[in-house]
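The sequence shown runs 8 to 371 under the working numbering. Beta carbons are placed, not taken as given, at the ideal position from N, Cα and C, and that holds for glycine. Quick caveat, the model's predicted, so the values are computed rather than measured. One structure is given below, encoded as C-alpha cells.
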Amino acid sequence: SSVLKGFQLKTNIVYQHHLRATDIIVDVSEEDNSSRNYKDIKDLIEKSSLPEKVKENSLLAFKKIARAESAIHGKDIETIHFHEIGGIDSIVDIIGSFLCVEYLGIKKVYASIIPLGSGSVKCSHGKIPVPVPATLLILKDVPVKPSDAATEIVTPTGAAIITTLASSFGEIPEMRIKKVGYGSGKRDTGSSLPNLLRIILGDAIRDQKKTYAAQKETIHIVKTNVDDMSPEISGFLMENLFENKALDVCYVPVQMKKNRPGIQIEVMCRKKDLDNIIDIILSQTTSIGVRYHECERFFLLREKVFIKTLFGKLQVKKITNPDNTVRFVPEYDVAKKIAKDKKIALKDVYNQILCDAASLDQSS
C-alpha cells in the first residue's frame, strides 16, 4: 500500500544563474491540515510496502528530526508533533529521496562539507535564527562551513536526508563520472551562488592491485564488562544484537575487580545503529554503562551468489582476495540443514560445496 495519497509529482525545467535545473513540485490535491506526530509517521512507513532499505532510511531520518525537536522542546520523542515537516510535501521529500537512491542502485553516497546560511526565518514557533536549532542538532559531528547566503539553505529535512545517506563529508572521491544533475530550490538565497543541489553519479575507481583498500568504512565498537549475568541471557542477547544490525558480536572472558570472572561484551556496528545497540545492551544486560569508540575497518570484496553443487543450487559467499583471485565460503545455516536432512557430517557437506565451487572457478 502507498504511504500517502492526495498528491502528484510534477517537474519543471528552470534556470538559475544560467544553469539548467529540474524543479520538483509536490502538488497536494487538498489542503493538508494534519498535525502528525513522530509515531503517526513511523506507523505510516512501517505499514507501507516500501523497500526495506527505504523504510530503514526514512525511519532513521524522521527519528533524527524527532530527537532534535525532543531535545529542543523538552518533550518525549513519541509525542513530538511535526509542523512543517509533518506535511505531505515534506514526507514525500524525505521518502522520495531514499526511493530515488534505491531506484538508481547507488551503493555509496559522499557529500561536500555542508554550507550554512545566516539571518532568520519564520516558522510555526515564530522567528528563529539560521541555522535553525533542529538543523544544528542533526548536523552534530558533521563538518560545516559558512556561506554568503543570508537565509536558510540547509533545513532540518535536508540535514536529516544527507546525514542518513552520506558515508563521509569532504572532497569528491575518485570515480568515473557518468551523469550530473541539478535540482532547484524554491528560495532566493540572495547570494552569489544559485540555490541548486548538484548530484554527480559515477563508478568508483578501485586499485586492482589493492582491492581490499577500496573496501573501507567507519564503524563503532561498543564494549561493556559484566560479572553478574546469567549465561542464558548472553545467548539471547547475541541473537537480539544481530537482529538489530550488529556487524559482529563477541564475548571475551575477563577477570574483573574482587577477582570475579566475567565477560566483556564487544559489539561492532555502524553509526546509524549505535544508539539502538547501546539501548539493547543497557536494557537487556546487568551492565550499568558502556564505552564506545569510532574506528576504521578494511574488508575484502564479498557477495552472496548461487552455485550448482551436488546438493543442488546453493547460496555461498564469494570473496575477492587482494590479488583478485576468488574463494568461496559455504553458508553455515545452509550446510547445517543439508547435513541434518541427509544425515551426513557437516565437514563433508563443507568439503563437497568447496569442491564444487573450485570446479566452477576453474571452468570460468
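Anyone know if the C-beta pair for residue i and residue j falls short of 8 Å?
i    : j    : result
D34  : N19  : no
I284 : L248 : yes
P163 : I72  : yes
A342 : V333 : no
V161 : P138 : yes
R309 : I326 : yes
I240 : Y258 : no
When DSSP labels each residue in this structure, what does residue i get in the three-state scheme?
i    : result
N251 : coil
R205 : strand
F306 : coil
A118 : strand
M236 : coil
T218 : Residue placement at T218 cannot be trusted, given a pLDDT of 46 that sits under 50; what the coordinates show is reported in the next sentence. In the structure shown, T218 sits in a helix (DSSP, three-state: H, G or I).
E109 : helix
I226 : strand
L361 : helix
L244 : helix
K12  : coil
K5   : Because the chain is modelled from 8 through 371, residue 5 falls outside the range shown and cannot be assessed.
Please report the distance separating the alpha-carbon of residue i from that of residue j.
i    : j    : result
K152 : N202 : 16 Å
L254 : E224 : 12 Å
D286 : Y22  : 48 Å
S154 : Y339 : 53 Å
V323 : D83  : 45 Å
S8   : S36  : With a pLDDT of only 44 at S8, under 50, the local geometry of the prediction cannot be trusted, and no value is derived from it.
S370 : K252 : Reliability fails at S370, whose pLDDT of 46 lies under 50, so the model's placement of it is uncertain and no value is given.
S125 : L143 : 12 Å
K54  : G94  : 18 Å
K134 : C276 : 39 Å
Looking only at DSSP bridge pairs, what is residue i linked to?
i    : result
G319 : T316
S127 : P136
Q262 : P268
V256 : V274
I326 : R309 and R334
In chain order, each alpha helix (DSSP H) run of at least 4 residues that lies wholly inside the region 19-84
The region 19-84 contains, as complete alpha helix (DSSP H) runs of 4+ residues, the segments 45-53 and 59-80 (chain order).
Length at least 3, wholly inside the region 139-212: the beta strand (DSSP E) runs in chain order
DSSP assignment within the region 139-212 yields the following whole beta strand (DSSP E) runs of 3 residues or more, N-terminal first: 151-153, 173-176, 182-191 and 203-211.
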